[in-house]
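Below is one structure, written out as structure tokens; comments come after it.
Number of protein chains: 2
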Amino acid sequence: MATVPLKDELDIVIPTIRNLDFLEMWRPFFEQYHLIIVQDGDPSKTIKVPDGFDYELYNRNDINKILGPRASCISFKDSACRCFGYMVSKKKYIFTIDDDCFVAKDPSGKDINALQQHIKNLLCPSTPYFFNTLYDPFRDGADFVRGYPFSLREGVSTAVSHGLWLNIPDYDAPTQLVKPLERNTRYVDTVLAIPKGTLFPMCGMNLAFDRDLIGPAMYFGLMGDGQPIGRYDDMWAGWCCKVICDHLGLGIKTGLPYIYHSKASNPFVNLKKEYNGIFWQEEIIPFFQQMNLSKESTTVQKCYVEMAKQVNEKLGKIDPYFVKLADAMVTWIEAWDELNPPTKDSAKATNAASK
Amino acid sequence: MATVPLKDELDIVIPTIRNLDFLEMWRPFFEQYHLIIVQDGDPSKTIKVPDGFDYELYNRNDINKILGPRASCISFKDSACRCFGYMVSKKKYIFTIDDDCFVAKDPSGKDINALQQHIKNLLCPSTPYFFNTLYDPFRDGADFVRGYPFSLREGVSTAVSHGLWLNIPDYDAPTQLVKPLERNTRYVDTVLAIPKGTLFPMCGMNLAFDRDLIGPAMYFGLMGDGQPIGRYDDMWAGWCCKVICDHLGLGIKTGLPYIYHSKASNPFVNLKKEYNGIFWQEEIIPFFQQMNLSKESTTVQKCYVEMAKQVNEKLGKIDPYFVKLADAMVTWIEAWDELNPPTKDSAKATNAASK
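For the record, the sequence lines run as chains A and B.
The opening position of the first sequence corresponds to residue 1 in full-length UniProt numbering, with each subsequent residue numbered one higher.
The opening position of the second sequence corresponds to residue 1 in full-length UniProt numbering, with each subsequent residue numbered one higher.
Have a look at this one:
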């Protein structure tokens, strides 16, 4: 069965590190891996990383130097900048986590190795074409139930593993304001494939994915400094990834592993960042629900560029921001391809995925 | 919040009772309700019901007397006959359970009141149009997460609540044969709406539904004596119900409550019953996945009759059995309407549901 991959197969991407406790707590699980830290704020400030960690750190000056004019597609002063780390990594798997997320405990009181569970999720197939009532059929002690078509039991490759949060739930500002004391204490012991055709709100706090399969679609958009919207970076990536996974026959799982989300961000600040998104998502979600990608879009890159065109044409009518975003999506793909020139292997993987 | 309904709102339908322990174990939870027992075998045999239960019992002779020639739509010598109980009930809610299903315990060791959880599921809305990563947003301590469109938070009425099984999982004969010792010990503490457009294998062992909303689609088909197929009664009902719920804007939930499934049925006998279904489902499921119901089908009955026509036309090519089944589907609706003449209230409910 699935095991934690070797160091040369996975990078951990962290948008910033505001406290040293974060890495100390994760030390037993992270120390053997390479970290990519993408500093989301003022490049003149120094991020301290405790001894013993193998890491590379990029601030805004580095991003500008590496990408040149294409650096415009990377958000500034917003954790959305983390996607630069996805681009510069050379590994097959990425695990990304926020610095206010700590090690959670399972109901028996044992520390949860989130990374290990994500890798299990990614290495097991997904079954997005029919719902299995006992959830992930590939877990120990589970299987496909009576009535599950045998032709669908092979499943498809899993591209994304979306983990959850104990303690502070990932609520929007209005819900935070209405329910300031709500805590998530329910450990739901399951992983499931999100069915084909169904969108979901992908949270970037505790997320892993297969770069070879879906990396170029994991763009976190234009958020933060100079943009009319924040806190929709991961949502944007989630909508795009889900539509592309459905089109290319790839799977997305959600559920385990849990992390412990230690503190709620300020709901008043969040409301300011979110309010445009709260309006716009009412049109964006039907747009993605109804999106059709052409048969010619057989790679993630081709899908993404086709998607950018539709964003420009259809969402551009909502606000000029989406025209700028559509341009940035294309720039992102150009930058991705520049830093990740296609190899024979990756071309093969993409072809297999698109079958 | 949701409470257990009064006696005059719910009936418990049981296909047969082969042992007295079954009702004794459920006595604290069932005694206040009315039972409808539909005897699935030889009508000359007597089913014993312990003292203190309020029940009505129908055997084959009763079914023939009540339905006349239309009794042909009710299966004989198969637990699929239970759907006759749905038809003769006059209550809003039905809970149906098999006689080898006992009271399960939650992780704290407390007896699970399955009926109460089903009613909670049915009284809370479903959210089939977008996936909520914290599962049922209406449970205590949960809500909609960031990025869930506000316009979809009202949800839709829940028509079906599908419960699960600890101990013996509901596997098909091949899986039973391959994994004779597998037991389900994982208590997954969740309920979720099955997304629109996604089919699922509905098991009749531990199932509740709102008769007013979906009753006429809860037909368990032609199984058992004289039929080329068995163990697909609940699956058939599940496919039909899901497509109709999606069309009419109703929800189906799965997950809690668990019952304890005490013994596995004989896999060799099951294989004999299932083998046609195992072949046929490979064509039946795409048929249901691609089914479109017309705008004119605004009630469950109209949907079901339209569906019967498509079954005849498209599945009739697989085997003459489906032509017979399509006829039986129409007969079932005629019988349902005869025993349940539309009232002003039910017409209103159906119109509301179809909006």
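Built from N, CA and C at the ideal position, the CB exists for glycine as well.
This one's a predicted model, so the numbers in the text were calculated from it and none came from an experiment.
Three-state class that DSSP yields for residue i in the structure shown
i: residue 102 of chain A; result: strand
i: residue 93 of chain A; result: strand
i: residue 79 of chain A; result: helix
i: residue 349 of chain B; result: Confidence at residue 349 of chain B is low in this model, with a pLDDT of 49, below 50, so the placement of that residue is unreliable and no value is reported for it.
i: residue 136 of chain B; result: coil
i: residue 12 of chain B; result: strand
i: residue 88 of chain B; result: helix
i: residue 337 of chain A; result: helix
i: residue 126 of chain A; result: strand
i: residue 6 of chain B; result: coil
i: residue 354 of chain B; result: Legend: pLDDT at residue 354 of chain B = 46, less than 50; position of this residue unreliable, value from coordinates given subsequently. Three-state DSSP puts residue 354 of chain B in coil, outside helix and strand.
i: residue 1 of chain B; result: Because the pLDDT of residue 1 of chain B is 46, which lies under 50, any placement of that residue in the model is unreliable, and the question is left without a value.
i: residue 155 of chain A; result: coil
Span of the beta strand (DSSP E), counted from its first residue to its last, around residue i
i: residue 253 of chain A; result: 251-261
i: residue 193 of chain A; result: 191-193
i: residue 36 of chain B; result: 34-38
Rounded separation between residue i and residue j - CA only
i: residue 160 of chain A; j: residue 251 of chain A; result: 7 Å
i: residue 285 of chain A; j: residue 194 of chain A; result: 16 Å
i: residue 15 of chain A; j: residue 177 of chain B; result: 50 Å
i: residue 170 of chain B; j: residue 108 of chain B; result: 24 Å
i: residue 307 of chain A; j: residue 152 of chain A; result: 28 Å
i: residue 238 of chain A; j: residue 322 of chain A; result: 17 Å
i: residue 356 of chain B; j: residue 163 of chain B; result: Given that chain B is displayed from residue 1 to residue 355, the structure contains no residue 356 of chain B and the question cannot be resolved.
i: residue 137 of chain B; j: residue 155 of chain A; result: 28 Å
i: residue 333 of chain A; j: residue 204 of chain B; result: 49 Å
i: residue 350 of chain B; j: residue 139 of chain B; result: Bear in mind that a pLDDT of 49 at residue 350 of chain B, under 50, signals an unreliable position, so the number given afterwards is only what the model happens to contain. Those two C-alpha atoms are separated by around 27 Å.
i: residue 296 of chain A; j: residue 85 of chain A; result: 29 Å
i: residue 352 of chain A; j: residue 343 of chain A; result: For residue 352 of chain A, the pLDDT reaches just 49, beneath the cut-off of 50, and the residue's location in the model is therefore unreliable, although a value from the coordinates is still provided. Their Cα atoms are separated by approximately 14 Å.
i: residue 222 of chain A; j: residue 326 of chain A; result: 10 Å
i: residue 310 of chain B; j: residue 198 of chain A; result: 26 Å
i: residue 302 of chain B; j: residue 227 of chain A; result: 51 Å
i: residue 126 of chain A; j: residue 192 of chain A; result: 8 Å
i: residue 50 of chain B; j: residue 31 of chain B; result: 10 Å
i: residue 135 of chain A; j: residue 145 of chain A; result: 10 Å
i: residue 180 of chain B; j: residue 141 of chain A; result: 12 Å
i: residue 355 of chain A; j: residue 174 of chain A; result: In this prediction, residue 355 of chain A scores a pLDDT of 42, lower than 50, which makes its location untrustworthy; the coordinate-derived value is nonetheless stated afterwards. The alpha-carbon atoms of residue 355 of chain A and residue 174 of chain A are separated by roughly 42 Å.
i: residue 256 of chain A; j: residue 324 of chain B; result: 46 Å
i: residue 189 of chain A; j: residue 187 of chain B; result: 7 Å
i: residue 357 of chain A; j: residue 233 of chain A; result: With chain A covering only 1 through 355, there is no way to say anything about residue 357 of chain A.
i: residue 320 of chain B; j: residue 229 of chain B; result: 12 Å
i: residue 129 of chain A; j: residue 268 of chain B; result: 29 Å
Endpoints, alpha helix (DSSP H) assigned at residue i
i: residue 52 of chain A; result: Per DSSP, residue 52 of chain A belongs to no alpha helix (DSSP H) and is neither H nor E.
i: residue 61 of chain A; result: 60-67
i: residue 158 of chain A; result: From DSSP, residue 158 of chain A is part of no alpha helix (DSSP H) but of the beta strand (DSSP E) over 158-167.
i: residue 23 of chain B; result: 20-30
i: residue 113 of chain A; result: Counting along the chain, residue 113 of chain A falls outside any alpha helix (DSSP H), and DSSP gives it neither H nor E.
Beta carbon of residue i nearer than 8 Å to that of residue j
i: residue 105 of chain B; j: residue 111 of chain B; result: yes
i: residue 279 of chain A; j: residue 242 of chain A; result: no
i: residue 36 of chain B; j: residue 259 of chain B; result: no
i: residue 337 of chain B; j: residue 224 of chain B; result: no
i: residue 87 of chain A; j: residue 335 of chain A; result: yes
i: residue 220 of chain A; j: residue 83 of chain A; result: yes
i: residue 331 of chain B; j: residue 124 of chain B; result: no
i: residue 165 of chain B; j: residue 103 of chain B; result: no
i: residue 304 of chain B; j: residue 217 of chain B; result: yes
i: residue 318 of chain A; j: residue 261 of chain A; result: no
i: residue 57 of chain B; j: residue 66 of chain B; result: no
i: residue 41 of chain A; j: residue 281 of chain B; result: no
i: residue 91 of chain A; j: residue 6 of chain A; result: no
i: residue 231 of chain B; j: residue 273 of chain B; result: yes
i: residue 206 of chain A; j: residue 114 of chain A; result: yes
At 3 residues or longer, what runs of the beta strand (DSSP E) sit wholly inside the region 176-248 of chain B?
191-193 and 206-210
Identify every run of the beta strand (DSSP E) within the region 248-331 of chain B, keeping only runs that are complete inside it and at least 3 residues long; order them along the chain.
251-261
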